[in-house]
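Residue numbering for the sequence shown follows the working numbering, beginning at 1 and increasing consecutively. Each residue gets a CB set at the ideal place from its N, CA and C atoms; glycine is no exception. For reference, the structure is listed below as structure tokens.
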Amino acid sequence: MYKKAYGIIETLAPLHVGATAGEESGNLNLIFRDQFTQTGILPGSSIRGRFRSEMRRDNETEANYWYGSPAETGESDATTESIVKFEYASLLWLPVFCPGQPIVWVSSPKLLKRYQRIAGDVVKLEDGSPLKTAKVPDKYLGSSTVKTLNVDGKKKLFFNFGFLELTKGTTDLSAWFPGGDELPAVVVADDEIGMIHDMALYRQSRVRLKDDEKRVDGGGFFNTEALPEGTLMVFPIAIRNTASKSKSWHPFGNGHTTSEIYLGGLESIGFGNCEITLKNLDVVTTQQEKAE
């Protein structure tokens, strides 16, 4: 059995987690994506690796206990199972430029449904019922804080690709935002979120110059794409029950559930700064401890 928790990631800078070299023509640094919605994801291995490296700086023994011992050359049984397990982080809300707003956060029913599955027992609605009992917002529904254009009596938003009509109107979506503060937002169809996602990505062209002159060094020209600043993501955490009564998982130090941390690559040029908030860690105890 496992104790369930989850984490919320808010990007404070563009976030790039993906291939170092993608297409041969253009040398694109592509981000990892969900196979169904084609939206950016953050693999659980990347989250685990960062948490592990941060803990190893202070106590390697503790890091091996919580995240598993690494393989050793010549030793077949050196590895151990990790106590804490991470799933991938998926998009929850993606900031997109929208003239007149200037930012609208966009999601889709599939992404919101995953958030509901992960946080549905913890997040409460205004009437005190859990989020898992709520109906997932339908496509073309906007938040009560979004500004719309009135075109022929219809509520519409204008993006770079054209107008988006809010056929379901607007409503209070604050329960679907981790912090409870309702941002200007809209829900689009699952088969449309990929197109909007590509429009919202942060892109940068980079070159590698020669050491002695400002000229491109050979094929040192490449492009990078990243999730933009202000992106909200969610990932589940499972904590395996142990017989230890003195162990509790506090990756940010005792009493702290929020911390700034770097994820992904290209840290040297300002990518990857994120704020991670861990939820449902108020009582991180094992089933045996509870029974006793």
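Contact set for residue i: own chain, Cβ-Cβ below 7 Å, skip 5 residues either direction
i: Asp121; result: Pro130 and Lys132
i: Ala89; result: Ile9, Ile41, Leu42, Ile47, Met233, Val234 and Phe235
i: Val84; result: Trp66, Tyr67, Ile237, Ile239 and Trp249
i: Ser25; result: With a pLDDT of only 44 at Ser25, under the threshold of 50, the placement of this residue in the model should not be trusted; the figure read from the coordinates follows. Within the same chain, Ser25 has no close Cβ partners at all.
i: Val104; result: Val96, Cys98, Val146, Leu157, Pro184, Ala185 and Val186
Close-in-space but distant-in-sequence residues of the same chain around residue i (CB under 6 Å, 5 per side omitted)
i: Lys154; result: Glu165
i: Phe163; result: Lys156
i: Glu23; result: Summary for Glu23: the model assigns pLDDT 43, below 50, so the residue's position carries little reliability; its value from the coordinates is reported in the next sentence. Cβ within range, chain order: n/a, list empty.
i: Phe252; result: Ser259
i: Ser205; result: Asn223
i: Leu149; result: Lys156
Beta-ladder partner(s) of residue i, from DSSP
i: Trp176; result: Looking at the DSSP assignment, Trp176 forms no beta bridge with any residue, so it has no partner.
i: Ala189; result: DSSP, once it has assigned bridges, lists no residue as partnering Ala189.
i: Met233; result: Ile9 and Leu91
i: Ala238; result: Lys4 and Lys85
i: Pro130; result: Lys124
i: Phe159; result: Gly162
i: Lys279; result: Tyr6
i: Ile41; result: Ser90
Identity of the residue in the options nearest residue i by Cα
i: Lys147; options: Leu183, Leu266 and Leu94; result: Leu183
i: Ser45; options: Phe86, Ser108, Glu62 and Glu81; result: Phe86
i: Leu92; options: Pro70, Glu126, His16 and Arg117; result: Arg117
i: Thr231; options: Trp176, Gly49, Glu60 and Leu12; result: Leu12
i: Asn254; options: Gln35, Ser82 and Met55; result: Met55
i: Pro102; options: Phe158, Gly128 and Lys113; result: Phe158
i: Ser107; options: Val151, Ser53, Met195 and Thr61; result: Met195
i: Pro180; options: Asp58, Val123 and Leu209; result: The amino acid at residue 180 is misidentified as Pro; the sequence shows Gly. Gly180 has its Cα closest to that of Val123, out of Asp58, Val123 and Leu209.
i: Lys113; options: Ser53, Leu149 and Ala175; result: Ala175
i: Cys274; options: Phe51, Asp34, Asn59 and Asp58; result: Phe51
Element boundaries [beta strand (DSSP E), containing residue i]
i: Phe163; result: Gly162 to Glu165
i: Ala89; result: Ala89 to Phe97
i: Tyr342; result: With the chain covering 1 to 292 only, the question about residue 342 has no answer from this structure.
i: Leu111; result: That residue, Leu111, is in no beta strand (DSSP E); its alpha helix (DSSP H) goes Pro109 to Ala119.
i: Gly142; result: Leu141 to Ser143
i: Asn150; result: Leu149 to Val151
8 Å Cβ cutoff, residue i in contact with chain B
i: Gln101; result: In the displayed structure, chain B is absent; only one protein chain is listed.
Same chain only: Cβ atoms within 8 Å of residue i, ignoring 5 sequence neighbours per side
i: Asn160; result: Phe97 and Met199
i: His16; result: Asn29, Ile31, Thr224, Glu225, Ala226, Leu227, Gly264, Gly265, Leu266, Phe271 and Gly272
i: His256; result: His250
CB of residue i within 8 Å of CB of residue j, strictly
i: Tyr262; j: Glu225; result: no
i: Pro14; j: Glu229; result: yes
i: Asp190; j: Pro95; result: no
i: Thr170; j: Tyr140; result: no
i: Leu125; j: Ala134; result: yes
i: Thr80; j: Ile193; result: no
i: Val188; j: Pro137; result: no
i: Ser143; j: Leu173; result: yes
i: Ala5; j: Leu281; result: yes
Residue i, enclosing alpha helix (DSSP H) - first and last residue
i: Tyr2; result: Segment Tyr2 to Thr11 is the beta strand (DSSP E) holding Tyr2; no alpha helix (DSSP H) there.
i: Ile47; result: Gly44 to Arg56
i: Leu15; result: Segment: none, Leu15 is in no alpha helix (DSSP H) and carries neither H nor E.
i: Thr61; result: Glu60 to Tyr67
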